[in-house]
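Written out below as structure tokens is the structure these notes cover.
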Amino acid sequence: MANILIIDDNDAVCTALKTLFMLQGYQAHSVASEQQALAYLATAQVDLILQDMNFAKGEMTGSQGKALFYQLRALLPDTAIILMTAWTSIDMVVELVKAGACDYIAKPWDDERLLTTVAKALQLSQLQQSQQRLAQKQQARLSAFAGKDLCGLVFASSAMEQLLQMALQLAPSNAAVLITGENGTGKEGIAQVLHANSPRKHKALVKVNMGALPSDLMEAELFGAEAGAYSGLGKTRIGRFEAADGGTIFLDEIGNLSLSGQMKLLRVLQTGEFERLGSSQTRKVDVRVLSATNADLTKAISSGAFRQDLYYRLNVVELHLQELKNRRDDILPLARLFLRGEKTLSKEAEQALLGYSWPGNVRELQNICQRALLLAPGAQIQPADLALPQEEQPGKRALDDFEQQQIEQALKDAGGVIARAAKQLGISRQALYRRMEFYGIATP
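Quick note on numbering that gives the first Met the number 0: the sequence shown kicks off at 0 and runs consecutively.
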């Protein structure tokens, strides 16, 4: 509920205005002088000030109101101020509006116009405050990551912020990290951040997609092979672990590693030792192991497809990447990154992106943005240019309806107070504003 301060020396005017505002659901308090106004503002927070321009009997120049306005503007630079008087010069009004006054209302006033002016001023003030809070939050976020290499990752969700903070905390150590999450969520990007902010950053980061390696060549790829170790190998092959010596190796799709490969990997993790295929010479490397999977390794352990002792070696710390549909605040920043500033998104296209369920996660978003960048005829991308799969919409709609009901109920329980509703929902106020805009929920 907005709190309005009325500054006017006429008791009848104050009574009329307080009644009008209270009937509209506002809180209203009145004072009769500049001194009383400043005393009240020292102890109370107001959302809007309705200020008369003349306070002494017979005064008509507006000089008192002008002096007070500049005092209030210096004291409360972000608070909406509306000027009201029957006696002052137009030049002075223009000056004060240029200096930051929201509007000027002449006495006697029209109730409807006054209420409209007040509602617009409050709405604009809330928007400006929201933007300032967002800017402050962004600045705080940048400060938290100052001097860190995020490897080009773009994010706005609290889930990604917390995950990156944990990754940066783990980066200086040699601990093995298991990165989990669905395909396309960005697990490789987290591995890059871990390496880029570690003492090993000047050495190699060797990436191995275990799912793309033939099972019969997997051990040779990882640990190397001597010439003649298998048919067609005419010279010694250096394995990925040797190539990563002193640096980091990232084993993606780790669940696809064979049981014999798992045994050798366990030995490397325990001792740093291994042998090339076809050799009895023990070699030693200093490598940090990062791994990733979209599979449930605990189920693989139960079925005998994955060694439990290796799992605990790999999973000293687990970093879990949420699906993109659960990180909606990341969707638009990522889309703008993929569009490279060459084209913009229309408001309708933004809503379409936010409403889609993203079964392919970040990888699917990148693909759709790249396609729209190539095929969209204009400088601004429209929903049709995105060509989002229609079969995803029914499931999405049910989820959206449920979320909309949650937001509306939270706002009702919080009496329309955005901060309280956001806290109840477990999201930031800015995130709640974005969801309200998406669902067309009016600001209380």
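C-beta atoms are modelled at their ideal positions from N, C-alpha and C, and glycine is treated no differently.
Query, Result
"Integer Cβ distance of E218 from K263, believed to fall under 8 Å", "7 Å"
"Alpha helix (DSSP H) segment containing T18, residue limits", "10-22"
"Alpha helix (DSSP H) segments (min. 4 residues) lying fully within the region 249-305", "258-270, 296-301"
"The region 310-322 touching the region 165-182, judged by at least three CB pairs closer than 8 Å", "yes"
"Exposure of K97, with buried meaning 16 or more beta-carbon neighbours within 10 Å", "exposed"
"In DSSP terms, what H319 is bridged to", "T179"
"Whether A351 touches P382 by CB criterion (8 Å)", "yes"
"Alpha helix (DSSP H) segment containing M159, residue limits", "157-169"
"Q50 in three-state terms, based on DSSP", "strand"
"CB of G271 within 8 Å of CB of D285, strictly", "yes"
"Three CB pairs or more closer than 8 Å across the region 70-86 and the region 44-53", "yes"
"Reduced DSSP secondary structure (H/G/I, E/B, other) of T42", "coil"
"Proximity winner among G260, E252, V207, relative to R239 (alpha-carbon distances)", "V207"
"Assigned secondary structure, I189 (DSSP; H/G/I helix, E/B strand, else coil)", "helix"
"C-beta atoms of R140 and G223 nearer than 8 Å", "no"
"CA-to-CA distance, A145 to N196, given in whole angstroms", "12 Å"
"Secondary structure of M83, DSSP reduced to three states", "strand"
"D109 to Y25 span [Cα, whole Å]", "18 Å"
"Collapsed DSSP secondary structure at N360 in the structure displayed", "helix"
"Contacting residues, own chain, Cβ-Cβ under 8 Å from Q63 (five flanking each side not counted)", "E33, M52, N53, F54, A55"
"Residues near Q269 by beta carbon distance below 8 Å, same chain, minus five either side", "R312"
"Alpha helix (DSSP H) segment containing A73, residue limits", "62-74"
"CB of I440 within 8 Å of CB of I417, strictly", "no"
"Sub-8 Å separation of Q44 and N9 beta-carbons", "no"
"Residues sharing a beta bridge with L353, DSSP", "Note: L353 sits in no beta bridge, so no partner."
"Nearest to G254 (by Cα), restricted to the options T281, T292, L232, A242", "T292"
"Between the CA atoms of E436 and A409 - distance to the nearest angstrom", "15 Å"
"R396 (DSSP reduced to helix, strand or coil)", "Confidence at R396 is low in this model, with a pLDDT of 46, below 50, so its placement is unreliable and the value that follows should be read with caution. Correct three-state label for R396: helix."
"Distance between beta carbons of R199 and R327, contact taken as under 8 Å", "Not confirmed; about 34 Å, so no contact."
"Where Q392 falls, given that 16 or more other Cβ within 10 Å makes a residue buried", "Because the pLDDT at Q392 is just 42, under 50, the model does not fix this residue reliably, and the point stays unresolved."
"L258 versus Q321: straight-line alpha-carbon distance, rounded", "29 Å"
"Where R339 falls, given that 16 or more other Cβ within 10 Å makes a residue buried", "exposed"
"Classification of G354 by the beta-carbon crowding that lies within 10 angstroms, buried from 16 upward", "buried"
"Contact check, K342 vs I380, beta carbons under 8 Å", "yes"
"Run of the beta strand (DSSP E) containing Q26, from where it starts to where it stops", "26-30"
"8 Å Cβ cutoff met for H28 and L49", "no"
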